[in-house]
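Student: Mind looking over this structure? Questions follow.
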Amino acid sequence: MTSLDKIVSLAKRRGFIYPGSEIYGGLSGTWDYGPLGVELKNNIKREFWKSMVYSREDVVGLDAAILMNPKVWEASGHVAAFADPLVECKFCHSRLRADQNEEIKAHEESHKGKKVEWTDPKQFNLLVEAKLGVVEEAKQKVYLRGEITQGVHVNFKNVLDSSRMQIPFGIAQIGKAFRNEITPGNFTFRSREFEQMELQYYVNPKDASRWYEYWKEERMKWYLALGMTKTKMRFRQHEENERAHYARDAWDIEYDSPFGWKEFEGIHNRGDWDLSQHQKESGQDMAYFDQQKQEKFLPYIIETSGGVDRAVLFFLANAYHEEKDRLILKLHPKLAPHKVAVFPLLANKPELVKKAEEIYSQLSTFNPQLNPAWDDRGNIGKRYYSQDEIGTPSCITVDFQTLDENTVTIRDRDTAKQERVKVDDLTKAVDIK
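For the record, in the sequence shown the residue sitting at position 287 is 286 according to numbering that gives the first Met the number 0, with numbers rising by one throughout.
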């Protein structure tokens, strides 16, 4: 299995992910996405949105504010219950989550035989506080959202009133969330600032079980369709004592990562917890009236909640392959930062460079999402290997035969096989739909 250190090294060296604020010593639990990383991340989000919103008639999108009235978080239970158990080492005063047995064991071993004693677990709230206002003494305490979910639920009636949606229907959202994590770690897996991609699907309580199973399978299919290895993916049901306070049932899609089986995405039956709480605390009627059945009820909510940053990490880990003389990032073509690269065989031959530039411009105009890469540095072999390392599926080389026959060489990333294709057929050969 590929080590996490290799993923981290590749990510920084090739411009996928950098440590946040690195020139000032960094800030634990924060990461910056470089030129390739932001493309990979955007491609994942784009595929999620296409799958969830554009290809379905029963789902609409939303982009809620990060800052919300603090009463939202009181009603949702986050102020009282959004917490992790914290223990402190009496020897060195390091603080860890009490439920992270592997981290605790590693910490004890790091003291080389010295007996480590821990304080009793204390609950540590994960909400990140902020202050709003002009006058320092009168600033209002607010929270950076700990999840993007509640922005959807407080807009449930707004969406109903302003659209023609009828239950069952869903609201999808992608956005930043913040948690005051006790022990951020494993690269981008556990961060203090991260991005989520979620669906909140509202159903008649009588149909909740059927829709729950449906969305479990749909989400697993989505990851597999984007190239995840099936044998490295699994479902795991939460034990009753580890479920969130709102969950009637909870399953995780897990990935066999370089640091063990870890959560990729959670699928939860939230019951009517959210709508009932907001109805109670706000005084607004959140019930839905089914005109066909002449029935009024509080919808149950089936949630799919995935981390964009975790997806980036796991897609990178799954795609990482080493061969004898090259490193290949076998990303699905839809996710690759560059779908194609264009090379002139020799950079010192103006006629080759001109023709290659024409093809590069043609592909960029045909489909901007191809995001063609240009490279005329060094020998052609090194250029191929460089593109393999960042996951570019196809490389186009313009050579002297191109000038005579109007054909180019296309090289496949995974097999390294080459074939000649007419320039007029290039858009069809490299198009990613």
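Glycine included, every Cβ here is placed at the ideal spot set by N, Cα and C. Note that the coordinates shown come from a computational prediction; the quantities given were computed from them, not determined experimentally.
I'd like the span of the beta strand (DSSP E) that includes residue 250, first residue to last.
Tutor: Looking at the DSSP string, the run of the beta strand (DSSP E) that includes residue 250 is 248-256.
Student: According to DSSP, which residues form a beta bridge with residue 122?
Tutor: Beta-bridge pairing links residue 122 to 84.
Student: From the DSSP output, in three-state form, read off residue 297 for me.
Tutor: Of the three classes helix, strand and coil, the one that applies to residue 297 here is coil, per DSSP.
Student: DSSP three-state call for residue 287: helix, strand or coil?
Tutor: Note: residue 287 maps to strand in three-state DSSP.
Student: Would you call the CB atoms of residue 362 and residue 425 closer than 8 angstroms?
Tutor: Against a cut-off of 8 angstroms, the Cβ pair of residue 425 and residue 362 comes out as a contact.
Student: For the beta strand (DSSP E) holding residue 31, just list the boundary residues, first then last.
Tutor: That run of the beta strand (DSSP E) goes 30-32.
Student: Report yes if the C-beta distance between residue 375 and residue 352 is below 8 angstroms; otherwise report no.
Tutor: Closer than 8 angstroms, so yes.
Student: When we look at the beta-carbon of residue 122 and count the other beta-carbons within 10 Å, is it buried (16 or more) or exposed?
Tutor: It counts as exposed.
Student: Taking 8 angstroms as the threshold (C-beta atoms), are residue 410 and residue 384 in contact?
Tutor: Not a contact, by the Cβ cut-off of 8 angstroms.
Student: For residue 0, I'd like the list of residues in its chain whose CB is within less than 7 angstroms of its CB, leaving aside the five on either flank, ordered along the chain.
Tutor: The residues are 257.
Student: For residue 342, collect the residues of the same chain with a Cβ closer than 6 angstroms to its Cβ; drop the 5 residues on either side in sequence, then sort them by chain order.
Tutor: Result list for residue 342: 374, 382, 396, in chain order.
Student: Only counting the same chain, and skipping five residues up and downstream in sequence, which positions put a Cβ closer than 8 angstroms to that of residue 223?
Tutor: Here the set comprises 229, 232.
Student: Counting Cβ pairs, one atom from each stretch, are 3 or more of them under 8 angstroms apart for the stretch 21-34 and the stretch 98-105?
Tutor: Cβ pair count under 8 angstroms is below three, so no.
Student: At which residues does the beta strand (DSSP E) containing residue 411 begin and terminate?
Tutor: Its beta strand (DSSP E) spans residues 406-411.
Student: Please list, in chain order, all residues of the same chain as residue 456 whose beta carbon is under 7 angstroms from its beta carbon, the five residues on each side excluded.
Tutor: Any question about residue 456 goes unanswered here, given that the chain covers just 0 to 432.
Student: State whether the stretch 317-334 contacts the stretch 187-200, with contact taken as three or more CB pairs (one from each stretch) at a distance under 8 angstroms.
Tutor: No contact exists between the stretch 317-334 and the stretch 187-200.
Student: Thinking C-beta only, is residue 221 closer than 8 angstroms to residue 301?
Tutor: No, these two residues do not count as a Cβ contact at 8 angstroms.
Student: What did DSSP end up calling residue 416 once you bin it into helix, strand or coil?
Tutor: Coil at residue 416, not helix or strand.
Student: Classify residue 22 as buried or exposed, calling it buried when 16 or more other Cβ atoms lie within 10 Å of its own Cβ.
Tutor: By the neighbour-count rule (16 or more Cβ atoms within 10 Å), residue 22 is not buried but exposed.
Student: What does a CB cutoff of less than 8 angstroms around residue 279 pick up in its chain, not counting 5 residues either side in sequence?
Tutor: Excluding positions up to five away in sequence, the list reads 74.
Student: Kindly list the residues whose CB is nearer than 8 angstroms to the CB of residue 145, restricted to its own chain and excluding five residues on each side of it in sequence; keep chain order.
Tutor: Correct list, in chain order: 72, 77, 81, 125, 126, 127, 176, 177, 178.
Student: If we call anything under 8 angstroms between Cβ atoms a contact, is residue 333 one with residue 42?
Tutor: Yes; because the gap between Cβ atoms is below 8 angstroms, this pair is in contact.
Student: Kindly identify the DSSP beta-bridge partner or partners of residue 321.
Tutor: DSSP lists 326 as partners of residue 321.
Student: Can you grab the Cα-Cα spacing for the pair residue 111 / residue 104, in whole Å?
Tutor: Straight-line Cα distance between these residues: approximately 12 angstroms.
Student: Based on DSSP bridge pairs, tell me the residues matched to residue 394.
Tutor: 340, 410, per the DSSP bridge assignment.
Student: How is the beta strand (DSSP E) around residue 171 delimited, first residue to last?
Tutor: Segment 168-177, the beta strand (DSSP E) holding residue 171.
Student: For residue 50, count the other beta carbons within 10 Å of its own beta carbon; 16 or more makes it buried, fewer makes it exposed. Which is it?
Tutor: Classification of residue 50: buried, given that the 10 Å Cβ count is 16 or more.
Student: Measuring CA to CA, which of 305, 338, 358, 59 is closest to residue 195?
Tutor: Nearest C-alpha to residue 195: 305.
Student: Exposed or buried, which one is residue 24 when buried takes at least 16 other CB atoms within 10 Å?
Tutor: Exposed is the call here.
Student: Thinking just about the alpha-carbon of each residue, which of 313, 379, 109, 119 is nearest to the one in residue 39?
Tutor: Comparing Cα positions, the closest option is 313.
Student: So, with DSSP's three-state summary, where would you put residue 18?
Tutor: Looking at residue 18 - three-state DSSP - the assignment turns out to be strand.
Student: Grab the span of the beta strand (DSSP E) containing residue 448 for me, first residue to last.
Tutor: In the structure as shown, the chain starts at 0 and stops at 432, and residue 448 therefore has no counterpart that could be examined.
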